[in-house]
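Okay, structure first, notes after.
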RNA sequence: UGGCCCAUGGUGUAAUGGUAACACUCCGGUUUUUGGUACCGUCAUUCAAGGUUCGAGUCCUUGUGGGCCAA
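Residue numbers (the working numbering): 431 to 825.
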């Protein structure tokens, strides 16, 4: 009998995942990860992890599976929280939950599971694993969850073949309502529990307050750039090569204090991210102001009026060689290689047609349509049909 | 110092003498396993003092604050 360690979060998805594995004949062990216990930074309910671990235990009891709690908060702090501070300090916008999957759930946690003699780990993610045979070798695929509305493949875009090899996604073929129905039929305590939100394990936080643990407030100015600024009308030169064109289109707009007018003050450019509207506290405009660039060196936030402001849009982004990740290593592009894909630059965004262009120093992702608020530090993930082929950090 | 103009929520503006409104901001909520976005909702306004009028943001007087022209 194959042994599976399932990460029970205290939510409905992992509860049902555990049940399905048991029904399929696996020997199932439930393991709850405690990764954060500083409640002072979360909004609302005081002690979420205690309630969650209790629910997880009750579910394990009901299903008749062994249950344990592991404390990975040290690793979580080192690999996720510190990374967050570092990225924000650099003026980039990290995605901690993508890292959490790569570094905690499918690394630290997975290794613990294997030490417990497990053949697989399983989670309650809405995605699926496929296996294909190529040249006599098994290759694993990361496929979107069948519930298009809940598909969480994006958050797993940094997983490797090795990690996928020992992973199961039991609820990937189900929709959320189906999962809830199963939980209800089984009378599981988590059946009606609200979906988790905010930072995985930490929960909803007020970001500026959270970041103030490490990043000091520093007053600076907010500058508004006109939509008809000459910055956007730079004559499009004739490009000698495709790569020149891509480099030109991928380049960020360079703003200067004198390119716009000062419209307000802020308490630290590193608390803001591109595309952000709330928190600027500048009123009196016809349309809302959006952040189009943050300069943490000069501590200036550049904004544009309206969601169609030119400063928000670009069609090409770049990923450096060190930050290109192929789940399908066998499909990795060689230099000068190209590939038609569908891509997204944030969770739950609809997939957009794009072309990958591999060059010497990295990878260009050229979108057919302009994208709003392409943000450094976030992940771009590329797909073909339902399969997530690879991903990278936007630079 | 003479002459002219302006003053409405936190901000920008609207309101033939007849219930003070719209947008943005803030705050709250919904959606969302990141940040962000999107959606919904609440709070909040006539510079001050007099006067005319059944009734004044609107008309008159004075004051205060700001802008412009003249010198």
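Note that the Cβ used here is the ideal one computed from N, Cα and C, for glycine as well.
Which of helix, strand or coil does DSSP assign to residue 515?
-> helix
Return the bridge partner residues of residue 563 from the DSSP annotation.
-> 568
If residue 388 and residue 657 are in contact, beta carbons under 8 Å, what's the gap, nearest whole angstrom?
Because the chain here runs from 431 to 825, residue 388 falls outside it and cannot be looked at.
_What does the Cβ neighbour count give for residue 690, buried or exposed, with the cut at 16 atoms within 10 Å?_
buried
Q) Of the choices 579, 778, 492, 822, whose alpha-carbon is the least far from that of residue 616? A) 492
- Task: Measure from the alpha carbon of residue 593 to the alpha carbon of each residue in 757, 527, 678, 431, then state which is nearest.
- Result: Considering only alpha carbons, the answer is 757.
request  = Out of 730, 749, 664, state which residue places its alpha-carbon closest to the alpha-carbon of residue 740.
outcome  = Looking from the CA of residue 740, the closest CA among 730, 749, 664 belongs to 664.
Count Cβ pairs between the region 718–732 and the region 758–778 that sit closer than 8 Å; are there 3 or more? The way I'd put it, the region 718–732 doesn't touch the region 758–778; fewer than three beta-carbon pairs between them come closer than 8 Å.
First and last residue of the uninterrupted beta strand (DSSP E) at residue 452:
Unbroken run through residue 452 is the alpha helix (DSSP H), 442–453; no beta strand (DSSP E).
Exercise for the section: Within its chain, find whatever has a CB closer than 6 Å to the CB of residue 632; leave out the 5 residues flanking it on each side and keep chain order. Expected result: The answer, listed in chain order, is 466.
Checklist entry - residue 742 to residue 667, Cα distance in whole Å? => result Per the coordinates, the alpha-carbon of residue 742 lies some 21 Å from the alpha-carbon of residue 667.
#### Entry: Sequence ranges, alpha helix (DSSP H) only - wholly within the region 706–763, length at least 4
none
Worksheet item: Is residue 796 helix, strand or coil when you go by DSSP?
Response: strand
- Message: The alpha helix (DSSP H) that contains residue 610, what's its start and end?
- Response: 606–615
>> Per DSSP, what are the beta-bridge partners of residue 656 in this structure?
In response: Residue 656 pairs with nothing; no bridge assigned.
Which residue marks the beginning of the alpha helix (DSSP H) containing residue 601, and which one marks its end? Residue 601 -> no alpha helix (DSSP H), and no H or E assigned at all.
I need the DSSP call for residue 814, collapsed to helix, strand or coil.
strand
- Task: Could you tell me whether the Cβ atoms of residue 750 and residue 825 are closer together than 7 Å?
- Result: Cβ distance < 7 Å, so residue 750 and residue 825 count as in contact.
- [ ] Whole angstroms is fine: what's the gap from residue 480's alpha carbon to residue 677's?
- [x] 50 Å
Using the rule of at least 16 other Cβ atoms within 10 Å of the residue's Cβ for burial, across every protein chain shown, is residue 780 buried or exposed? exposed
### Query
DSSP puts residue 497 in a beta bridge; with which residues?
460
DSSP state of residue 826, grouped into three classes? The structure shown has nothing for residue 826, since the chain only spans 431 to 825.
| Same chain only: Cβ atoms within 6 Å of residue 504, ignoring 5 sequence neighbours per side | none
Margin query: Looking at residue 626: is its Cβ nearer than 7 Å to the Cβ of residue 441?
Written below: Yes. Within cutoff.
Original post:
Residues bridged to residue 523 by DSSP?
Top reply: According to DSSP, which records beta bridges pairwise, residue 523 is partnered with nothing at all.
Below 7 Å between beta carbons: does that hold for residue 703 and residue 614? no
- Item | Spatial distance of residue 759 from residue 570 (CA atoms) | 10 Å
Would you mind working out which of 609, 630, 628, 629 sits nearest residue 621, comparing C-alpha positions?
609
For a quick check, are the C-beta atoms of residue 438 and residue 455 less than 7 Å apart? no
For this session: Taking the CB atoms as reference points, tell me whether residue 605 and residue 565 lie closer together than 7 Å.
Result: no
Given residue 646 as reference, the closest of 518, 600, 573, 789 once Cα atoms are compared:
518
Could you give the first and the last residue of the continuous beta strand (DSSP E) run that contains residue 679?
Element bounds for residue 679: not the beta strand (DSSP E) but the alpha helix (DSSP H), 672–680.
Going by C-alpha to C-alpha distance, which of 636, 775, 433, 788 sits closest to residue 583? It is 775 whose Cα lies nearest to the Cα of residue 583.
Q: Determine the extent of the beta strand (DSSP E) in which residue 550 is found, giving its start and end residues.
A: 550–552
How is the beta strand (DSSP E) around residue 784 delimited, first residue to last?
782–788
Worksheet item: Do you know whose CA, among 718, 711, 688, lies nearest residue 697's CA?
Response: 711
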